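To start, the structure itself, in structure tokens.
2 protein chains.
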Amino acid sequence: MAGIAEVARVAGVSKATASRAITGSGYVSHATRTRVLEAASALGYAPSTSAVSLATGRTQNVGVIIPYVDRWFFAEVLEGIQDSLLREGYDLTLYDARPGTPGRKRVFEDFLARKTFDGLIAIGLEPDDHELDRLVAIGRPVVSVVGEAGPTTSLVTLDDQHAARRATEHLLELGHTRIAFLGGGGADGAHVDHDRLLGYHATMREAGLAPWHLPSPVTLPGGYAAAADLLGDVRARPTGIVGTCDEVAIGAVIAARRLGISVPSSLSVVGIDNHEYAEMFSLTTLEQRPQEQGSKAAELLLAQLRSPGAAPVQLHLQATLIMRNSTAPPLGAASASVS
Amino acid sequence: MAGIAEVARVAGVSKATASRAITGSGYVSHATRTRVLEAASALGYAPSTSAVSLATGRTQNVGVIIPYVDRWFFAEVLEGIQDSLLREGYDLTLYDARPGTPGRKRVFEDFLARKTFDGLIAIGLEPDDHELDRLVAIGRPVVSVVGEAGPTTSLVTLDDQHAARRATEHLLELGHTRIAFLGGGGADGAHVDHDRLLGYHATMREAGLAPWHLPSPVTLPGGYAAAADLLGDVRARPTGIVGTCDEVAIGAVIAARRLGISVPSSLSVVGIDNHEYAEMFSLTTLEQRPQEQGSKAAELLLAQLRSPGAAPVQLHLQATLIMRNSTAPPLGAASASVS
DNA sequence: TTGAAAGCGGTACCAT
DNA sequence: ATGGTACCGCTTTCAA
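As structure tokens, then:
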């Protein structure tokens with residue numbers, strides 16, 4: 001309840017001086033500064049954010065647009081963002097924008113227009129043209145996590161093609177030739193899965209091998225069902241599977257076990273993510289660190305807020321291979337090594 | 340950029356009238372109202388939230404304090420909250436308060452004091468006394484999801500004892516007598532797991548059976564490891580397991596399968612949650628609907644904001660049994676039925 | 001039914 | 001180094 005006027009009165013100075021002392025801007029003698037600060041803490045003074053925003057034009061708040069909070073990757077990125085923002089004293093406003101929901105429409109039509117934030121972070125948004133227009137129209141800096149580079153926005157993303165390429169190469173190096181790619185290709189065709197599929201295709205083509213793509217929902221049960229289907233036919237079975245993400249890959253591992261196919265001796269499976277369950281399933285995978293991506297995105301945004309002129313930054317991260325025990329040379333192959 | 344003054348000018352009225360027309364409060368003739376509204380939409384007018392907040396004292400914003408966003412239950416509750424708030428035009432500010440982190444301290448010391456919200460929702464917070472003080476000191480309505488009832492705050496929670504009781508009873512009714520409880524009891528001793536353990540204990544005691552509690556981290560890998568331990572000893576093995584939550588229960592199912600113990604014929608497993616993976620593992624479970632809990636919490640809070648005098652509400656939800664295929668009578672038992 | 005003007009709680013410019 | 005004061009953009013009495 002105590003306002004800055006009260007603080008000023010108690011400290012025996014003017015509002016102006018009190019403001020300077022508290023915000024730390026402008027000249028204030030050491031003596032008065034401490035006097036003001038003491039008065040403030042004695043009164044339990046906390047500046048009204050709306051008054052500050054109104055006067056300064058800054059909200060000390062960052063908006064985060066996210067399609068799902070209940071998926072591993074998104075939740076991890078969000079944690080990373082939150083962590084960085086908290087450290088810098090920024091609030092975080094969450095906008096849930098699940099594709100195809102009325103809520104998403106409202107976010108773009110109503111909520112963003114309020115501009116209750118100094119900048120935005122969009123996680124795996126994949127906006128359509130109209131949504132993109134709205135986003136740009138806001139006139140606030142935007143950082144994307146996952147996706148394509150725009151000319152005006154910064155970006156933090158995994159190099160998805162590269163990750164899929166490395167996963168595929170890993171199986172090739174072990175001597176596999178019958179390698180299937182599990183995931184994506186659905187109607188919602190996420191950009192991520194598209195890129196990973198591309199990386200797989202290119203790598204297979206370069207190795208002179210036939211690509212073998214099985215669409216699957218990008219979830220653990222989805223991977224399980226798709227893999228169960230795939231592995232059901234005893235004779236036409238791959239010896240290696242690249243999962244578009246760890247959840248799909250783990251689904252495949254579980255399906256294989258249920259069918260009595262032992263991993264890795266009869267079937268190799270590699271994923272992308274390093275999901276929290278990966279270790280438990282001894283899953284070989286290409287690690288990406290979503291929390292770090294989130295932190296990085298927040299830092300890029302805050303930097304942008306500090307120096308508005310600065311050019312946008314595009315960060316392409318490379319996944320690193322973590323070898324566990326879900327991949328091995330195919331049965332009956334001398335252990336091969338391709339440079 | 341366009342302010343209400345601009346809108347008023349274009350519509351040929353005063354700021355006051357424009358404000359009335361836009362907010363829908365006070366008398367405005369139908370003719371002028373439409374004129375103002377047209378001017379507003381023509382100019383793409385959006386009211387400045389900081390100005391509105393400063394003038395009205397309301398922020399149209401709800402703060403959500405959450406210890407983890409990357410756990411299923413919490414993420415689901417958050418989705419539910421977001422959904423309800425969005426519908427009512429409220430923003431949602433997220434405060435991450437992972438136990439034992441410096442961030443949590445900052446949330447309680449600095450961020451909450453800013454009062455950038457009209458009310459708070461705390462999900463599974465389990466605040467210590469000091470934190471509770473701070474929470475109350477804010478002077479804004481609070482709704483808790485999960486946990487204990489305070490005299491001043493509303494609450495939405497599952498009846499955890501009851502859920503565990505029902506899970507245990509289910510196994511008893513099938514004829515099991517050697518029933519272990521998996522989960523909780525760790526150092527972080529969450530209230531939830533404590534209550535569920537209590538419900539299990541009481542039910543076993545009433546049935547004249549020896550309780551058998553195995554501590555375990557409340558995660559899928561945690562349940563897996565604990566169950567692997569438990570089931571390793573062939574002779575002293577339970578015929579039924581109650582998991583403190585589905586992730587733990589699913590971990591147990593996976594561990595059993597790996598050990599060649601077939602579920603449900605040699606081992607019954609029941610969980611609590613109805614987690615998104617439950618169906619894939621045919622897990623019998625006691626369903627709670629976290630999204631609905633979140634929506635409900637948001638509605639309670641908004642109701643409280645509308646009528647500040649109203650008494651707090653305590654909602655205790657009952658989980659309902661979903662029978663799948665992870666539970667069956669124990670080997671060699673005539674199918675029993677207890678009324 | 002409408003308009004004028006006084007705040008809401010700060011910040012920042014301009015003097016002193 | 002400090003104080004006076006005009007805003008920031010909107011809501012809300014009070015008078016007309």
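Chains A and B are the protein sequences, given in the same order. Numbering follows our numbering, in which position 308 of the first sequence is assigned residue number 308; successive positions increment by one, without gaps. Numbering follows our numbering, in which position 286 of the second sequence is assigned residue number 625; successive positions increment by one, without gaps. Even glycine gets a Cβ: it sits at the ideal position worked out from N, Cα and C. Bear in mind the structure is a predicted one, so any value in this text is a computation, not a measurement.
Inset, instruction - Pull up the CB-CB distance for B/A503 and B/Y539, whole angstroms please, since I reckon it's below 8 Å. - result: 5 Å between Cβ atoms; contact.
Tell me which same chain residues have a C-beta within less than 8 Å of the C-beta of A/A97, skipping the five on either side of it?
For A/A97, where only same-chain residues beyond five positions count, the Cβ hits under 8 Å are I65, I66, P67, G103, R104, V107, F108 and L125.
- Item | Chain-order list of residues whose beta-carbon lies under 7 Å from that of A/G26 (same chain, five-residue window excluded) | R20, listed in sequence order.
message = What residue range does the beta strand (DSSP E) around B/A519 cover?
response = Counting along the chain, the unbroken beta strand (DSSP E) around B/A519 starts and ends at I518 to L521.
* Asked: What's the call for B/N664, buried or exposed, on a 16-neighbour Cβ count within 10 Å?
  -> The residue is exposed, with fewer than 16 neighbouring Cβ atoms inside 10 Å.
Extent of the continuous alpha helix (DSSP H) run through B/S423 = Segment W411 to R426, the alpha helix (DSSP H) holding B/S423.
*asked:* Let me make sure I understand the geometry here. Which of B/T362, B/R374 and B/I361 has the alpha-carbon closest to that of B/V349?
replied: For B/V349, the closest C-alpha among the options B/T362, B/R374 and B/I361 is that of B/R374.
Could you give the distance in angstroms between the alpha-carbon of B/A379 and the alpha-carbon of B/V346? Each residue's Cα considered, the two are about 6 Å apart.
>> Three Cβ pairs or more, each shorter than 8 Å: is that satisfied between the segment 406-420 of chain B and the segment 376-394 of chain B?
In response: By the criterion of at least three beta-carbon pairs nearer than 8 Å, the segment 406-420 of chain B is not in contact with the segment 376-394 of chain B.
For a quick check, are the C-beta atoms of B/S634 and B/S423 less than 8 Å apart? Yes; because the gap between Cβ atoms is below 8 Å, this pair is in contact.
Assign B/T583 to buried or exposed, taking buried as 16 or more other Cβ atoms, counted over all protein chains shown, within 10 Å of its Cβ. Residue environment: B/T583 is assigned as buried (16 or more neighbouring CB atoms within 10 Å of its CB, all protein chains considered).
task = Step through the CB atoms of chain A and report whether any lies within less than 8 Å of the CB of B/R596.
result = By the rule that beta-carbons nearer than 8 Å mark a contact, B/R596 touches chain A.
| query | Given A/G185, which residues of its chain have a CB within under 6 Å of its CB, disregarding the five upstream and five downstream residues? | reply | For A/G185, where only same-chain residues beyond five positions count, the Cβ hits under 6 Å are P215.
Exercise. State whether the segment 609-616 of chain B contacts the segment 570-587 of chain B, with contact taken as three or more CB pairs (one from each stretch) at a distance under 8 Å.
Key: Yes, since at least three Cβ pairs between the segment 609-616 of chain B and the segment 570-587 of chain B fall closer than 8 Å, the two stretches touch.
Q.
Please return the same chain residues whose Cβ sits closer than 8 Å to the Cβ of B/Y434, not counting the five positions on each side in sequence.
A. Same-chain partners within the cutoff: G402, V403, I404, I405, V446, F450 and L451.
- [ ] Indicate whether at least one CB of chain B lies closer than 8 Å to the CB of A/Q161.
- [x] Contact with chain B is absent for A/Q161, since none of that chain's Cβ atoms lies less than 8 Å from the residue's Cβ.
Q. Within 8 Å (strictly less), CB to CB, does B/A357 reach chain A?
A. Residue contact check for B/A357 against chain A: no CB pair falls below 8 Å.
| Under three-state DSSP, which class holds A/Q60? | Judged by DSSP in its simplified three-state form, A/Q60 adopts coil rather than helix or strand.
Counting only beta-carbon atoms, is B/A555 nearer than 8 Å to chain A? Checking the sequence, you will find Ser at residue 555 of chain B rather than Ala. Using a Cβ-Cβ cut-off of 8 Å, B/S555 does not count as an interface residue toward chain A, since no Cβ of chain A sits closer than that to its own.
Per-residue DSSP class, three states only, for B/S555:
It is a strand residue.
Could you tell me the boundaries of the beta strand (DSSP E) in which B/Q653 lies?
Where B/Q653 is concerned, the enclosing beta strand (DSSP E) stretches over Q653 to L656.
Measure the CB-CB distance between B/T432 and A/T93 and report whether it falls below 8 Å.
Inclusion of B/T432 and A/T93 in the CB contact set at 8 Å is warranted, their separation being smaller than that value.
query: With a Cβ-Cβ cutoff of 8 Å, do A/A311 and A/A303 count as a contact?
result: Their beta carbons are not under 8 Å apart, which means A/A311 does not touch A/A303 by this criterion.
- Task: Please determine if the segment 215-233 of chain A and the segment 150-160 of chain A are in contact, where contact requires at least 3 C-beta pairs separated by less than 8 Å.
- Result: Not touching, per the Cβ criterion.
| query | In or out: B/R544 buried (at least 16 other Cβ within 10 Å) or exposed? | reply | Label assigned to B/R544: exposed.
Exercise for review: Answer with yes or no whether the minimum CB distance from B/D472 to chain A is below 8 Å.
Suggested key: Answer no: the Cβ-Cβ gap between B/D472 and chain A never drops below 8 Å.
Does the separation of the CB atoms of A/F305 and A/D128 fall below 8 Å? According to the sequence provided, residue 305 of chain A is Leu. The question's Phe does not apply to it. No. Outside cutoff.
Closer than 8 Å, CB to CB, is B/R453 near chain A or not?
Yes - at least one Cβ of chain A is within 8 Å of the one on B/R453.
Do you know how far the Cα of A/S282 is from the Cα of B/A658? Answer to the nearest angstrom: the Cα atoms are 34 Å apart.
A/V270 (DSSP reduced to helix, strand or coil): Correct three-state label for A/V270: strand.
Let me check understanding here. Comparing Cα to Cα, which of A/S266, A/A228 and A/G232 lies closest to A/V248? Nearest of A/S266, A/A228 and A/G232 to A/V248, Cα basis: A/A228.
B/D585 and B/T624 closer than 8 Å at C-beta:
Contact: yes.
C-alpha distance - B/V416 paired with A/L331, whole-angstrom precision
The C-alpha of A/L331 is placed about 47 Å away from the C-alpha of B/V416.
Below 8 Å on the Cβ atoms is my contact criterion, and I expect B/R596 with A/R257 to pass it. Report the Cβ-Cβ distance as a whole number of Å. That belief holds up - the Cβ atoms of B/R596 and A/R257 are roughly 7 Å apart, short of 8 Å.
| Any C-beta of chain B under 8 Å from that of A/S295 | No, no contact with chain B.
| message | Going by the DSSP bridge assignment, what does A/E287 pair with across the sheet? | response | A/E287 is bridged by DSSP to A/D273 and A/T320.
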